[in-house]
Every structure is written in structure tokens, then in C-alpha cells.
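Protein chains in written order, with the working numbering: chain A, 199 to 721; chain B, 20 to 498.
Here a beta-carbon is modelled for each residue, glycine too, at the ideal position from N, C-alpha and C.
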């Protein structure tokens, strides 16, 4: 069986370069690029032969972890399908254990794996230069390679099981967003390190931590051997082996499951055309979230609101710069302002529905579903924005010790704003331009209630965040220990206000259903 | 629909095939045996109409049919289930010819059986009633006049209508017709109070020329279990500022009927329906939906209702499919169910091609249809429809009516408001006229309109047509 499957695998590989001219051209181009990248990576690695052991270890562990993570995420994001999907073998009635083993072996025969093999052989060569025995190097290569391959296949099988019918542009967008949120801060962190010819201590710590995770353990093993025995390489080896065994087990179970269960045809059918609704969970809250997302992304009135945020950030920081305030201080200003505005944005979201809100009321949607669903878009927009802005602003400021304080202050402002908005949007909505009208065409308002609720949310968020702001100020002006206080204090206040705001808003929504309709119909 | 209602499938077995065949062969008005059991209402209606028409023209063929049936009837060992209503076709004023036919019938469970067949075939009990009118004319033209003149033979009138003939007819029935146990009891009791309503119902159809198109609607009379009211509104009041939009309205809507709200512009219909739907909270008064108090258990009450508001927006940036999905999921249905129902509804409402487009690009009628589909997606017991046919083209409204009729015939209840008097007259079995926030008249169509047409009566109730004065300048043209 193994020989058959391997032959099949090779045939599939060759088959990739068959087909119409355009396809072949694209494939060849991709291959050339991959070969180029691999060659570059190999060459770069080989130049490390005379570098310090610590540096080599850092580079290989970080790079290896990133590659391993990539192997795990690629199927999730790109929707790559396994050409040797175990389900294709269902009809043959093969024993699942053997099939799992054979497929795992065949999985090594793939273009990305071959590229990875070349690179990891280079790492072995580098380690050999640093006095690592060949055996250890080979073990490292094998472990790293096997981990990547198995991880990729486990993830592909999981995707096939759970994500196939939910795959959509929206979902891919969410994944991309999540990666952006992770990658940018990490990149900023690296950029901010003071290399100065040697390894910064923060990086050394990060490498040490990574080498004890499943992602980096296999790559770290030869390096640990090379380092002598500050930390025994055994623990790293054990972690890598355990990872491999765990993945193998998961693969075996998944193959069994894929072979013994048929796909449920129900959700697969007609999943299309639902957009965000297909991504969101099929609960009232999920539906409200999906609907809000559609509106946030498509309705100009919301887009204008989002547009206000960068303007506010600029308006506050540019004058300060002009006035001669040093950049290190000014860099810290926009983030809390943006956090505050993001939290304040949904303070009148219900009014934007206009009379369409009847659907929520007539359906008897629970207040909680309505409240939390409406906050999902702003969370999806706000969290990445803050996650990107905070490291950048700290980078500009230059003192990473302030990072916790900044996180705490921003979280506090953002979350208290959202909590208060949840209440105000049901308790005192005010007229806005109607759906389809120009967002700049504001309706006439006969009372000042709109201004009051706007102001209340804004001021309330600042007042509730006062402790975090105070600790942040302390951290900035001297006592750096206050940064930690600001982080936990800010998070605690923010989460508390957020949860209680949603709870109160839910109750108000359910109590005031009739009033809300009267309001909606009156404007 | 309630479990107790006999499904078409249940009914069939009881029917002697021979009977059906006979009926068809003779080409009597009863001919239309439910070819498609799914839409019993239509069938009944068709029959009824056919009966009405045929009654005038071809009476002769009918009688033979009956005679045949009468003979055949005895053969079916298990007596077909006769709903109580069957008794109704009290043909007291039956001409002698009929009498001749009848005696044997009684002996063998004659017409009643015939009635039973048609009725039973139709399945649901309400339908049976509908069938009666059809029968009545069938027996003899003379019977129609007798029935029609009486405006709304309400409960009280019932007894005298039914009179002895009824009891006479009834007597044999119980013996032959087992059907549902309760039905039996009622049959024995004879003139059940609800019955009389149907003759009244049949009448409007005969009068209204357009009846032919939608004829069936009229026939869908009160549901069997009159005990349960789908909606009870007691003294609800709503004031907006100084104006009292709704001022102490009482309504009782029995389950399984079309209920119409009519009134001039600004009379408070929409406000009333909004309060029923739970969109507005009444200042005073109580609303019970299927026995659930809307004030103390608003979610429970809302769960029972599907709502189609008028002039309220919907989330029109969603595509049709997304909107229907939203409707369903908000109601707590699992996505898979929502998807399959979306497909079914789209097919029924002829929206399949439009599902991928944003609802804001729909025409007014299409929007109405998609919102109506959304109101039904969780299969509520009560549909609250505000102007459901406004701006809907005739073909679509015929389709919608069809869907609604089937819904009602299976035990659903529809309360709708409309300006279209003949639509209300055709469709609704009961109607309330609301003027200036108060119910000025309420009852079956015949009760409300008396000798006038509904429109005339409505105008009268609404204050009449005052002579328009002060527009003389309009009659002297400026050029």
C-alpha cells in the first residue's frame, strides 16, 4: 500500500505542472520563486556558520517557530486542501491505522516540505560547524520537519471537518486580521530592539521561552546541544518528541474519524450567499453581530463615524507637536483618544436602525443578544486598531516599560466606553440621519437629549478610567511600577463596566421595547 | 396546525372509493375531490364555487350523484367521520325532489355521507364547514335563497335554521360516522352554535362577483375549536401626546380565521396592530395571544406571532437571503432549518431569483413579499399583517392569499388590516370597523354590513360622504 500511495503522491506532484498553459506558467513561476526563496534562506543560514551560538539559536528558533506556525495556519487561512485527504480512501476500506501511517509518510513528499528540508539541512550544517554531532543535527532536522508536516495535515483535516462549509471571504478576512494583530506588534517589538551587535536580553528570553513550546522545541534541540549544558537539551528534546507523538495521535484519530463519519450534507448545501451570516454562529446574538457587520462595512453613516477616529487622533497630536511638545510624549496621546472614540462610537447604534429595529422587538430577541451582537463590529475594528497602535506609539515613545500602562489605559477607556454605550443607545437614543441619507445630513433635533447622551458616554468613560489614567501618568512621570497597576486596574475597571453596561443595557432594552419603537417612528 | 385536526391522509382511508368515483363520473359540483391534499382550502373553495354555480345551472346531474352515493354509502363498513358541521347543511327548505332523495339518504346515511365525503376528503374540520355551503346549493337552488337572506345566522339563529331537519339528518350520522370522538359527541348534540356562521359566509361569496378569483377564502370559516381564541384584546388604549390614537378597543379573534381590521386613514389600525405585535406598549388594557398575556410574558406572546408591519423599514442592506436568515435566526431557529425554510418560502413567494440582491433594490411589492415570508418563517400561530396587499401586484397577492388560506385552513389565524373593502369582504370571516380609535362594528361580514355592501357600510360608519363644499373655484377653469 505504501508504495502505491507514494507513487500516487509523486504522480500528483507531477500533475501540478500539467494542464493549460496559464496554469503551468503560474505553477512554474511559483516553483521558481520558492526555489529562489529557499536558496536565499539556505545561503543566509550558511553565513551564520561563524556567528555566535546564541545568535544562531535565536535566529533558528524564531524562524523555525514562525515556519511551524505557518504550516499550521496556512490550511486555515488559505483553505489549502490535502490532495491525499483520508476521505478519498474511504471507498477502499483500508485499515485506518495503516492508512494514517502511510499518508503521514507520503505527506513528506510535497513542495513546501522539500523546501523546508533544504533549509533545515542547512541548519544542521550550521550546527555541525558549532560542534554539534551529526546525529543530534539529524534528529533536530527530522523533528522539525515531522512536526511541520504533521501539524499541517492535522490542521487540514480539522479544516475539512469543521471549516469547509464555512469558508468564505469574510472568514479569511477575520484570519488575516488576527494575524495582522499578532504580526505587527511582534514586528514593532523586533524593530525596537537595540541590537548593537549582540543579542538583546529581551530576545534571549523570548527565544528561551519559545524553545520550550511545541513550536520551537524541535528547532532548538541542536542549539541546546551546542550551548553545552546551561540548560539540558533533554527537556527540549522531550518537548519536541511529545509534540510529535501528540500530533501523530491526533492525526491517527482524525483519520479514523474522517474514515468512519460521513459529512453531514445539511450545512454544506446552500451555504453561499449568506456572507457574514455564514460566519457568525447561528444564534440571535450571532445574527445581530453579522447584520451589524454588514452595516458597519456597507453603510456610509457608519463609515463616516470610523473616519472620525484618525481625524480625532491627528487633531489632538499635531497641535501638540507644533507647540513644541517632544515627540516621545506626543506619541502617547493618540492611542487613548482613539480608544475613547472607539468605545464611544456605538453610543447611538440603535438609532441607526431607524424603524427597522421593529424586527428585534417583534422577534422577542433577548436584550443580551441585541447588545452583545451590536458590539461585535466595533470590537472587531477596535481591537486590531488598538493592537496595532499601542506598540507603534510605545515604539515612538521609546520606553517599552510603559507598554502595560498604555494597554491598561486604552483597555479601560475602550471598554468603559462600550459599556456605557450599551446603556445609552437603548436608554436615550437620539435622531440620526436615516438609512440611505447622506451621513452629513443631520436631522433636526428638538431636544438636547442627543448632546447629553453623547457627552455622558464620553465623560463617563473618562471618569471611570481616571484610576487607570492616574496610574499611567505615574508610570510616565517616574514610578514605573505603576505601569503594572495601570494594566490590571484598567483592565479590571474596563471589564467590570463593560459587563455591567451590557447587563443594564439588556434589561433596559427588554423593558423599553415599546418606547424604542415610539422613538424610532417619531424620527 | 393542531394534532387533532384530521390530515388529508387520515381522512382518505375512510372514504369509499366508489363514492368518489361516482361523484366524479356524474360531474356533479362535488366533483373536485382533493387532487392535492396540500391545499384543501382551495379545493373546498373550488367545490363550493362550483357548487354555487352548478346549483343554478345543472342541478339535475347532482341529484343522481347523491342518489348513487346514498346507495353506495352503506357499503363502507366503517362509517366515515362526520364533523359536526356536516349537520349544518340544514336543508329545511329542500324542495320535494330533494326529499325524495333524502329519505333513502337518511336511512343509509345519505347526503350527510356525501357531505362527509367531500368534507372528509378535504380533511381539516374547518374545511368541512366550507363544504357545506357547496352542498346546500347542490341540494337545491331553493336552499340558497333560504340561507342567504338571513344575514348572519349567528349562534342564536342557528337553532332555527337547523331545526328539525338537522336533527333528523343528524340522527343517522352518529351511527355511521365515527371519526374523531369529539366530533361524534358534537354531532349528537346536534346544532352546535358555531355552525350557523357558515351559511352566512357562503352568502357573501354568492353576492360578490370577484368571489370567483378568491372565492375559497370566504369559505374558510371558524376553526373547530372555537374554545381557544387566538387573540383577545381588552380595552387597549394608546395616546400619543394629546391625541388618542386608540381608545379602548376590544377584539376577540377566534383561532383559525381571517380577521379583518378596516377603518379610515388615521383610525388607529396600525397602532392597534403594533400593540398586538408587541411593538408598542398599550397605555391601558390587556392583550392575550393564545392565552399568553402579552404584558406579563411578552416574549412568550411574541413567539406566537409573525408580524408584517406597514411603513416600517427593514434591514434592506441585507440581501433577501440574508434578511430571511436574519428573521429566522432572530426567532431562535437553527441555521439549517432557516436555510431550508428560506428556500421553500422563496419558492412559494416567487423570490428565488431575487434572494441574492439587496432588499433595498427590491420593488415595494417584493419587499412586502420578502417581509411576509420573514413573518412566517418561524411558523407562528398568529399572523399580524398590516396592509399585506398594499402595492402588491394582483398575481402576487393571489399567491399570497393562497398561502395564507392554506395557513388558515390548517389552524393558523390571520389578523390583517386593509383599505381594500372587497378584499376584506372576500377573505375575512370576521371584521372590525375602527374609526377614531374605537371599534364601531364588529362581527362576521354579514353582521357588520347588514344589507349594504361592506364598503357602503364602512363609509356610513366612518361618517358618511359629506358634500364637498368650497371647491367651486375648481369647477371654473382658469384658462
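For residue 282/B versus residue 454/B, is the C-beta spacing smaller than 8 Å? yes
Buried or exposed: where does residue 290/A fall if 16 or more other Cβ atoms within 10 Å of its Cβ makes it buried? Residue 290/A should be labelled exposed.
Going by the CB atoms, is the gap between residue 258/A and residue 426/A shorter than 8 Å? no
Excluding the 5 residues flanking residue 248/B on each side, which residues of the same chain have their C-beta closer than 7 Å to its C-beta? 271, 272, 273 and 274
Just how far apart, CA to CA, sit residue 235/A and residue 668/A? Here the alpha carbons of residue 668/A and residue 235/A stand approximately 50 Å from one another.
Skipping 5 residues on each side, what residues in its chain have a beta carbon closer than 7 Å to that of residue 721/A? 629 and 641
Could you please give me the residues that DSSP links to residue 305/B through a beta bridge? 253/B
According to DSSP, residue 248/B sits in a beta bridge with which residue or residues? 273/B
Buried or exposed for residue 718/A, please, with buried defined as at least 16 other CB atoms from any protein chain shown within 10 angstroms of its CB. buried
What in chain B is Cβ-close to residue 552/A, meaning under 9 Å? Within chain B, the residues 331 and 332 have their CB atoms less than 9 Å from the CB of residue 552/A, given in chain order.
Got a sec? Which residues, its chain only, sit under 6 Å from residue 502/A by beta carbon, not counting five neighbours each side? Here the set comprises 637.
Please report how far the alpha carbon of residue 430/B lies from the alpha carbon of residue 398/B, in whole angstroms. Rounded to the nearest whole angstrom, the C-alpha separation of residue 430/B and residue 398/B is 11 Å.
Identify the continuous alpha helix (DSSP H) that holds residue 478/B and give its terminal residues. 473-480
Can you tell which of 271/A, 539/A and 263/A has the C-alpha that lies nearest to the C-alpha of residue 318/A? 263/A
Determine which residues of the region 337-356 of chain B have a Cβ less than 8 Å from any Cβ of chain A, and write them out in chain order. 337, 338, 340, 341, 344, 345, 346, 348, 349, 350, 351, 353, 354 and 355
Buried versus exposed call for residue 284/B [16 or more other C-beta atoms within 10 Å across all chains shown]: exposed
According to DSSP, residue 439/B sits in a beta bridge with which residue or residues? According to DSSP, which records beta bridges pairwise, residue 439/B is partnered with nothing at all.
Considering just the uninterrupted stretch of the alpha helix (DSSP H) at residue 484/A, what are its terminal residues? 482-496 is the extent of the alpha helix (DSSP H) around residue 484/A.
Proximity of residue 575/A and residue 494/A at Cβ, strictly below 8 Å: Yes; because the gap between Cβ atoms is below 8 Å, this pair is in contact.
C-beta contact flag for residue 352/A and residue 256/A at 8 Å: no
Neighbouring residues, chain A, relative to residue 317/B (Cβ below 9 Å): 562, 708 and 711
Pop quiz: residue 566/A and residue 344/B are said to be a contact at Cβ under 8 Å. What is the actual Cβ separation, rounded to whole angstroms? The Cβ separation is near 20 Å, so there is no contact.
With a 10 Å radius around its C-beta and 16 neighbouring C-beta atoms as the bar for buried, classify residue 403/A as buried or exposed. exposed
Assign residue 488/B to buried or exposed, taking buried as 16 or more other Cβ atoms, counted over all protein chains shown, within 10 Å of its Cβ. exposed
Establish whether the CB of residue 483/B and some CB of chain A are separated by less than 8 Å. no
Along the chain, where does the alpha helix (DSSP H) that runs through residue 461/B open and close? Note, residue 461/B: premise wrong, no alpha helix (DSSP H); beta strand (DSSP E) at 457-463.
Residue-chain proximity (residue 243/A, chain B), Cβ-Cβ < 8 Å: no
Compare the C-beta of residue 637/A against all C-beta atoms of chain B and say whether one is closer than 8 Å. So, not an interface residue.
Compare the C-beta of residue 559/A with all C-beta atoms of chain B and state if any pair is closer than 8 Å. yes
Taking 8 Å as the CB-CB cut-off, is residue 220/A touching chain B? Taking Cβ atoms only, chain B never reaches closer than 8 Å to residue 220/A, which makes this a no.
Residue 212/B: buried (16+ other C-beta within 10 angstroms of its C-beta) or exposed? Reliability fails at residue 212/B, whose pLDDT of 42 lies under 50, so the model's placement of it is uncertain and no value is given.
Does the distance from the C-beta atom of residue 655/A to that of residue 608/A stay below 8 Å? no
Taking 8 Å as the CB-CB cut-off, is residue 737/A touching chain B? With chain A covering only 199 through 721, there is no way to say anything about residue 737/A.
What is the rounded straight-line gap between the Cα of residue 443/A and the Cα of residue 359/B? 43 Å
Where the alpha helix (DSSP H) containing residue 349/B begins and where it ends: 339-349
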